[in-house]
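Visitor:
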Amino acid sequence: MTVSNHHWRRFKNGFMQTLTCACAMLVVTPLVLVFYHLLHEGFTSLNWAFFTQLPKAVGETGGGMANAIAGTFILLGQAALVGVPVGVLGGVFLSEYGSSRLNWAIRFAADTLNGVPSITWGIVVYALVVVPMHGPSALAGGIVLGMMMIPLVMRTTEEVLQLVPTGYREAALALGIAKWKMIVRIVVRTALKGIVTGALLALARVAGETAPLLFTAFGNLGWAHSLKEPIAAMPLLIFNYAISPYDDWHRQAWAGAFVLLMLVLAINVGVRFLTRDRYRRNS
Amino acid sequence: MPAISPLTPIRASDHTAGTHGTALTARNLSVFFGQHQVLKRVSLDIAARAVTAIIGPSGCGKSTFLRALNRMHELTPEARMEGDIRLFGEDIYARHVEPVVVRRRVGMVFQKSNPFPTMSIAENVTVGLRLNGLRDKTTLTERTEQSLRMAALWDEVKDRLHAPAISLSGGQQQRLCIARALAVQPEVLLMDEPASALDPLATSHIEELILELKRNFSIVIVTHNMQQAARISDFTAFFYLGELVEFGPTNKVFMNPEKRQTEDYVTGRFG
Chain W
1 MTVSNHHWRR FKNGFMQTLT CACAMLVVTP LVLVFYHLLH EGFTSLNWAF
51 FTQLPKAVGE TGGGMANAIA GTFILLGQAA LVGVPVGVLG GVFLSEYGSS
101 RLNWAIRFAA DTLNGVPSIT WGIVVYALVV VPMHGPSALA GGIVLGMMMI
151 PLVMRTTEEV LQLVPTGYRE AALALGIAKW KMIVRIVVRT ALKGIVTGAL
201 LALARVAGET APLLFTAFGN LGWAHSLKEP IAAMPLLIFN YAISPYDDWH
251 RQAWAGAFVL LMLVLAINVG VRFLTRDRYR RNS
Chain C
1 MPAISPLTPI RASDHTAGTH GTALTARNLS VFFGQHQVLK RVSLDIAARA
51 VTAIIGPSGC GKSTFLRALN RMHELTPEAR MEGDIRLFGE DIYARHVEPV
101 VVRRRVGMVF QKSNPFPTMS IAENVTVGLR LNGLRDKTTL TERTEQSLRM
151 AALWDEVKDR LHAPAISLSG GQQQRLCIAR ALAVQPEVLL MDEPASALDP
201 LATSHIEELI LELKRNFSIV IVTHNMQQAA RISDFTAFFY LGELVEFGPT
251 NKVFMNPEKR QTEDYVTGRF G
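Protein chains in written order, with my numbering: chain W, 1 to 283; chain C, 1 to 271.
As structure tokens, then:
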């Protein structure tokens with residue numbers, strides 16, 4: 001082994017280390033940039049009116065996004081009502097029932113659905129809900145976000161249920177406990193934090209979706225008085241404001257993006273809090 | 001742990017063993033997993049209120065036999081059984097019999113202690129009762145104490161019944177699992193290597209407990225530990241390659257076995 005060989009290996013080692021480090025940094029950079037930019041542009045555009053007032057007509061300054069903020073929460077509420085029960089029960093089926101061939105097919109379908117472009121979901125719900133109801137509605141918006149949540153929630157639920165040791169299932173069954181009770185009271189209970197985490201992450205994921213809402217929830221410059229009316233949502237309003245030529249609307253869009261990011265961040269921090277609690281309990 | 005020769009089993013009740021009749025009768029029991037036959041026409045009587053030990057090398061079908069006794073083997077996909085098992089004369093595989101009911105009468109304790117981590121000590125004890133619809137607080141409280149006393153755990157946990165079950169030590173967790181199995185008042189208790197993951201002191205606790213429990217329960221225990229089988233069992237069955245090679249009073253199986261294979265195994269020459 002020669003000295004030059006040694007130097008060459010050290011160089012290769014250092015080079016690869018730097019390269020991987022640079023790639024890792026590249027992943028974080030957009031987050032930092034987006035965060036900085038939103039903080040800079042969005043936070044300075046925020047004011048009390050943003051949360052309490054309706055959007056103003058073109059040419060008037062001021063106004064806010066109160067209806068869109070409320071609308072986003074209403075849409076997410078509906079999405080959770082659709083996506084969480086179906087996703088969780090589907091995940092329970094995948095983990096606890098079914099045959100391996102059937103489950104393989106379901107898993108494959110769910111993973112494919114997770115990769116379907118979100119505008120496609122919008123088209124599907126347009127055909128299934130908007131057309132029969134003769135118009136876009138809050139209901140259609142909630143359904144489309146809920147449907148997008150289903151495969152996400154289903155797969156995470158299955159994964160966390162699979163983490164529950166078989167020993168617990170056997171112990172429960174050996175006590176003469178019926179299978180469905182064993183699943184609900186022992187297996188799901190043991191994995192509950194993981195299931196809630198998965199549901200929250202899915203909710204955070206759809207919170208910022210814009211494309212599927214374009215022709216389902218549609219947007220609304222005022223308040224929606226029922227779920228049958230079109231409803232405003234933050235991503236939609238941000239989109240509309242961002243492509244407008246007005247500076248004031250641009251500022252509103254920044255503020256909206258900032259609030260939306262904070263919402264998603266809050267959900268993620270909530271999830272961290274839940275999982276941290278779990279580890280502390282186990283140690 | 002005192003050195004005990006497997007040839008001199010210490011047992012309290014040699015002469016009383018098997019005087020309470022037969023708890024479980026297996027006749028021509030065969031179990032298949034897919035194409036693989038794990039048990040081959042095993043016929044065996046489990047004496048009531050006595051300890052029957054199942055011994056044999058790994059893969060000989062001991063655990064499968066145990067699990068067939070309360071229909072737990074049915075959880076394995078593609079498992080299939082032939083033959084006949086009767087619990088105090090009743091066919092537990094009869095068409096109208098629910099596995100759930102069989103398992104309430106034939107309880108089970110596993111190798112790895114598995115108290116439910118989301119429940120307290122007391123909740124673990126009563127879980128079988130509560131999830132089968134028993135709500136009466138007084139009965140539940142009574143049954144908690146009674147079961148924990150039977151499992152020789154009461155004195156250690158009576159002041160912290162509402163502490164998480166997973167805060168207990170390994171040996172205590174296993175006794176909690178025994179208490180949990182006893183709480184549903186089974187007639188037979190199946191134990192699948194209940195002490196193999198425990199230290200010697202905890203193991204001796206479990207062994208004393210088993211000797212105590214056989215007054216009221218019929219116990220079948222699978223063990224890899226010859227000395228343990230010799231110390232605690234009244235009857236011993238030796239399985240090899242899915243067949244029952246020898247079965248008889250523990251004394252005889254260890255001291256004067258009929259088959260060469262049995263002698264080789266209990267003296268440690270193979271297995």
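Glycine residues also receive a C-beta, built at the ideal position from the N, C-alpha and C atoms. From a predicted model like this one, the values you see are computed outputs, not experimental measurements.
Start and end of the alpha helix (DSSP H) containing arginine 149 of chain C?
Guide: 137–150
Visitor: Evaluate glutamate 90 of chain C with the Cβ neighbour count: other Cβ atoms within 10 Å of its Cβ, from every protein chain shown; 16 or more gives buried, anything less gives exposed.
Guide: Glutamate 90 of chain C should be labelled exposed.
Visitor: With distance defined between alpha-carbon atoms, name the residue in W:Gly77, W:Val82, W:Gly83 and W:Phe50 nearest to asparagine 67 of chain W.
Guide: Closest by alpha carbon: W:Phe50.
Visitor: Once you ignore the five residues that flank glycine 194 of chain W on each side, which residues in its own chain have a CB closer than 6 Å to its CB?
Guide: Val160
Visitor: Tell me the DSSP secondary structure of glycine 289 of chain W in three-state form.
Guide: No information on residue 289 of chain W is available, as it lies outside the stretch 1 to 283 that chain W covers here.
Visitor: Any idea if alanine 171 of chain W is buried or exposed, counting beta-carbon neighbours within 10 angstroms, 16 or more meaning buried?
Guide: buried
Visitor: Using DSSP with H/G/I as helix, E/B as strand and the rest coil, what is leucine 131 of chain C?
Guide: Leucine 131 of chain C carries a coil assignment under DSSP once its states are collapsed to helix, strand and coil.
Visitor: Between C:Val220, C:Arg80, C:Leu182 and C:Ala181, which has its C-alpha nearest glutamate 193 of chain C's C-alpha?
Guide: C:Val220
Visitor: Consider the Cβ of threonine 275 of chain W: report whether some Cβ of chain C lies at a distance smaller than 7 Å.
Guide: no
Visitor: If you follow the beta strand (DSSP E) that isoleucine 46 of chain C is in, where does it begin and where does it stop?
Guide: 36–47
Visitor: Taking the alpha helix (DSSP H) that glycine 156 of chain W falls in, what are its first and last residues?
Guide: A small fix is needed here, since residue 156 of chain W is threonine in this sequence, not glycine. Residues 138–162.
Visitor: Near glutamate 60 of chain W, what residues of its chain come up, given a Cβ to Cβ distance below 6 Å and the 5 sequence neighbours on each side ignored?
Guide: none
Visitor: Would you tell me roughly how many angstroms separate the C-alpha atoms of threonine 72 of chain W and arginine 135 of chain C, rounded to the nearest one?
Guide: Using only the alpha carbons, I get a separation of about 43 Å.
Visitor: Return the first residue and the last residue of the beta strand (DSSP E) that valine 244 of chain C is part of.
Guide: Inspection of the sequence shows that residue 244 of chain C is occupied by leucine rather than by valine. In the DSSP assignment, leucine 244 of chain C falls within the unbroken beta strand (DSSP E) covering 243–249.
Visitor: Any beta carbon of chain B sitting closer than 7 Å to that of valine 125 of chain C?
Guide: The structure shown has no chain B; the protein chains it does contain are W and C.
Visitor: If you check the beta carbons only, do alanine 232 of chain W and serine 45 of chain W fall under 7 Å apart?
Guide: no
Visitor: Report the residue ranges of all beta strand (DSSP E) runs contained in full by the segment 71–120 of chain W; include only those spanning at least 3 residues, in chain order.
Guide: none
Visitor: If we call anything under 7 Å between Cβ atoms a contact, is leucine 39 of chain C one with threonine 64 of chain C?
Guide: Yes, the Cβ-Cβ distance between leucine 39 of chain C and threonine 64 of chain C is below 7 Å.
Visitor: Would you decide whether methionine 25 of chain W is buried or exposed? Buried here means 16 or more other CB atoms lie within 10 Å of its CB.
Guide: exposed
Visitor: Nearest chain C C-beta to arginine 185 of chain W closer than 7 Å, yes or no?
Guide: yes
Visitor: What separation, rounded to the nearest whole angstrom, lies between the Cα atoms of alanine 253 of chain W and glutamate 209 of chain W?
Guide: 15 Å
Visitor: Less than 8 Å between the CB atoms is what I'm expecting for threonine 197 of chain W and valine 264 of chain W, so what's the real figure, rounded?
Guide: Contact doesn't hold; Cβ gap of about 15 Å is too wide.
Visitor: With distances taken from CA atoms, which of C:Asn225, C:Asp234, C:Ala197 and C:Leu190 is nearest glycine 56 of chain C?
Guide: C:Asn225
Visitor: Please classify leucine 173 of chain W as buried or exposed, where buried requires at least 16 other C-beta atoms within 10 Å of its C-beta.
Guide: Counting of Cβ neighbours within 10 angstroms places leucine 173 of chain W among the buried residues, the total reaching 16 or more.
Visitor: Is it buried or exposed for tyrosine 246 of chain W, if we count other Cβ within 10 angstroms and need 16 for buried?
Guide: exposed
Visitor: In whole angstroms, what separates the C-alpha of asparagine 216 of chain C from that of arginine 175 of chain C?
Guide: About 17 Å.
Visitor: So, with DSSP's three-state summary, where would you put serine 244 of chain W?
Guide: coil
Visitor: Just curious, the alpha helix (DSSP H) that serine 204 of chain C is in, first and last residue?
Guide: Element bounds for serine 204 of chain C: 200–213.
Visitor: Can you find a C-beta in chain W that's less than 7 Å from the C-beta of phenylalanine 116 of chain C?
Guide: Using a CB distance cut-off of 7 Å, phenylalanine 116 of chain C counts as an interface residue toward chain W.
Visitor: For isoleucine 221 of chain C, which residues does DSSP report across the bridge?
Guide: C:Ala53 and C:Met191
Visitor: Which same chain residues, not among the five before or five after cysteine 60 of chain C, have their C-beta less than 8 Å away from its C-beta?
Guide: Sequence-distant partners of cysteine 60 of chain C (beyond 5 residues in either direction) whose C-beta falls short of 8 Å from its own C-beta, in its chain, are Phe239, Tyr240, Leu241 and Gly242.
Visitor: Assuming alanine 165 of chain C and phenylalanine 116 of chain C are in contact, meaning their beta carbons sit under 8 Å apart, how far apart are those beta carbons, in whole angstroms?
Guide: 7 Å
Visitor: So isoleucine 177 of chain W contacts chain C; which residues on that side make the cut at Cβ distance below 8 Å?
Guide: Val100, Val127, Gly128, Leu131 and Asn132, listed in chain order.
Visitor: Quick check on alanine 26 of chain C: does DSSP put it in helix, strand or coil?
Guide: Strand at alanine 26 of chain C.
Visitor: Using a C-beta cutoff of 7 Å, does alanine 68 of chain W count as contacting chain C?
Guide: no
Visitor: Buried or exposed for threonine 262 of chain C, please, with buried defined as at least 16 other CB atoms from any protein chain shown within 10 angstroms of its CB.
Guide: Within 10 angstroms of the beta-carbon of threonine 262 of chain C lie 16 or more other beta-carbons, which makes it buried.
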